[in-house]
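In our numbering, the protein residues as written are 17 to 471.
For glycine and all other residues, C-beta sits at the position ideal for the given N, C-alpha and C.
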């Protein structure tokens, strides 16, 4: 971008606006001198001062807003430009063709050519032992005490004794027995086993479950089962997940103590849900592409609308408008992917047509939108050129006061910056301060504030 462009707003715009304030101050001073000889009314002075303030505010507001709109357009274009480091066409996501078998998610930058066949042979599971079931309030037979030794995977063991009778000698119910066993077992937190009471259709049973999955997290139960008959046998054996991965014709078999595994050298997290086959691949989310295209079009429409509404401010504004109206690609080509222009020149999108084009001819559609000389690149280039144009050229008509002739005297208006040669060069006014030396140059912005006060 040029150093004197709108992108260098703080310096160049302030210089241009200082010139506008100086011009209007000259006009106000001229009017004051005329008043002394013609007894002009004070209302005219007030009008001149108000006009100065309004012109400054209007130009400043337009330039600030225009710069923001152009930067927004550049940002929106970068999301679609294939040469940009962060664009939607390289923002790959992982997907599974059968999510009942496995769901997947990319956890860092993915490759665009990942295509993996995943075959889940078995799921990882935790060991579970379940006793026989009895009605909850059924009385336990006399002498059916539980005297168990449970040994966890770490080798830690616990002796569990639960009496079949209450302190008063009355028989406990099965629910009481099992609840007492749960408290005794779960008090041994290092055992690696969790006890619960299952209640199904009024019948209860004691359930022991390993806290971790995998074949190495099993446990054993020994001793007298008593009221918990069947608790020694595993209803569900501890086992690892076993699965095969086929990629580029090479098949490997893996095992895991968890159903959460990684694929593609850790780039993809996979959660296994059931046995079976699925294909895991990476690709671009078409909804993200559509969203990015809509953002670009909205920014484009916003810029052209602003230029249309302000075309009278200067030749630069008018030239920018013509540049943007020439479009960002061949209209017939854009129409093939669902992008058209209405009568006002605004871009419109048929989302379904764009999605269909992405599915049927992805590479061609990608090149039209984000490739070399594509829509995004052209939009960014137009925005960059507009940002590089000098502030003076963008709003030259407003800064020069349009050089209108005084309707009453026929003389050139005092609001013209061409008077005295001030407008002959965008740097001439600034250089007047520079020639006074470094100290005088530092007063440049102070003079601008003085003009504000005088206005």
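Practice item. Between the Cα of residue 385 and those of 82, 104, 73, spot the shortest distance and give me the residue it belongs to. Key: Here residue 385 corresponds to residue number 369 of the chain shown, with the count starting at 1. The shortest C-alpha separation from residue 385 is found at 104.
Point to revise | Cβ pair residue 475, residue 370 closer than 8 Å | key: Lying before the first or after the last residue shown, residue 475 is absent from the chain, which here runs from 17 to 471.
Check your understanding: Excluding sequence positions up to five away, which residues of its chain have a Cβ less than 8 Å from the Cβ of residue 199?
Key -> For the purposes of this step, residue 199 is taken as residue 183 along the chain shown, with counting starting at 1. Around residue 199: no qualifying Cβ.
Exercise for review: Would you check if there are 3 or more beta carbon pairs closer than 8 Å linking the region 228-235 to the region 157-176?
Suggested key: Contact between the region 228-235 and the region 157-176 is present, because at least three Cβ pairs lie under 8 Å.
**Study point:** residue 317 - DSSP class collapsed to helix/strand/coil
**Key:** As a first step, residue 317 is located in the chain shown; it is residue number 301 there, counting from the start. Looking at residue 317 - three-state DSSP - the assignment turns out to be helix.
Exercise for review: Assess, as a yes-or-no matter, whether the region 83-91 is touched by the region 311-324 under the definition of 3 or more beta carbon pairs within less than 8 Å.
Suggested key: Verdict: yes, contact present.
Check your understanding: Helix, strand or coil: which one does DSSP assign to residue 215?
Key -> Your numbering for residue 215 matches position 199 in the chain shown. Reduced to three states, the DSSP call for residue 215 is strand.
Point to revise | beta strand (DSSP E) segments (min. 3 residues) lying fully within the region 95-131 | key: As far as the region 95-131 is concerned, its whole beta strand (DSSP E) runs of at least 3 residues are 108-112, 118-122.
**Study point:** Bridge partner(s) assigned by DSSP for residue 292
**Key:** In the chain shown, residue 292 corresponds to position 276, counting from 1. Beta-bridge pairing links residue 292 to 136.
Point to revise | DSSP-derived helix/strand/coil call for residue 191 | key: Locating residue 191 in the chain shown gives position 175, where the first residue counts as 1. Helix, per DSSP.
Review point. Going straight from the alpha carbon of residue 367 to that of residue 82, what length do you get?
Key: Residue 367 sits at position 351 when you count from the first residue of the chain shown. Residue 82 sits at position 66 when you count from the first residue of the chain shown. Here the alpha carbon of residue 367 sits roughly 28 Å from the alpha carbon of residue 82.
Point to revise | Which residues DSSP lists as bridging residue 210, in chain order | key: Counting from one through the chain shown, the residue named residue 210 turns up at place 194. Residue 210 is bridged to 225.
Point to revise | Start-to-end residues for the alpha helix (DSSP H) that takes in residue 408 | key: By 1-based counting over the chain shown, the position of residue 408 is 392. Element bounds for residue 408: 407-410.
Check your understanding: Got a sec: does the ligand MN put a non-hydrogen atom nearer than 7 Å to the Cβ of residue 144?
Key -> No copy of the ligand MN appears in this structure; indeed no ligand is present at all.
Review point. Where does residue 95 land, buried or exposed, given buried means 16+ other C-beta within 10 angstroms?
Key: Counting from 1 along the chain shown, the entry for residue 95 is found at position 79. Buried: at least 16 other Cβ atoms inside 10 Å.
Check your understanding: For residue 219, which residues of its own chain have a beta-carbon under 8 Å away from its beta-carbon, when the five flanking residues on both sides are left out?
Key -> Here residue 219 corresponds to residue number 203 of the chain shown, with the count starting at 1. Hits under 8 Å: 149, 150, 151, 152.
**Study point:** Segment limits, beta strand (DSSP E) that includes residue 266
**Key:** Residue numbering aside, residue 266 sits at position 250 when the chain shown is read from its first letter. Run containing residue 266: 266-272, per the beta strand (DSSP E) assignment.
Exercise for review: From the DSSP output, read off the bridge partner residues of residue 175.
Suggested key: Mapped onto the chain shown, residue 175 falls at position 159. Its beta-bridge partners are 165.
Check your understanding: What is the residue span of the alpha helix (DSSP H) that residue 401 lies within?
Key -> On the chain shown, residue 401 is found 385 positions in, with the first residue counted as 1. Where residue 401 is concerned, the enclosing alpha helix (DSSP H) stretches over 391-404.
Check your understanding: Alpha carbon to alpha carbon, how far is residue 442 from residue 414?
Key -> Taking the first residue of the chain shown as position 1, residue 442 is located at position 426. Taking the first residue of the chain shown as position 1, residue 414 is located at position 398. Unreliable placement is indicated for residue 442, whose pLDDT of 42 sits below 50; no coordinate value is reported for it.
**Study point:** N- and C-terminal bounds of the alpha helix (DSSP H) containing residue 383
**Key:** Along the chain shown, read from residue 1 onward, the residue named residue 383 stands at position 367. 378-386 is the extent of the alpha helix (DSSP H) around residue 383.
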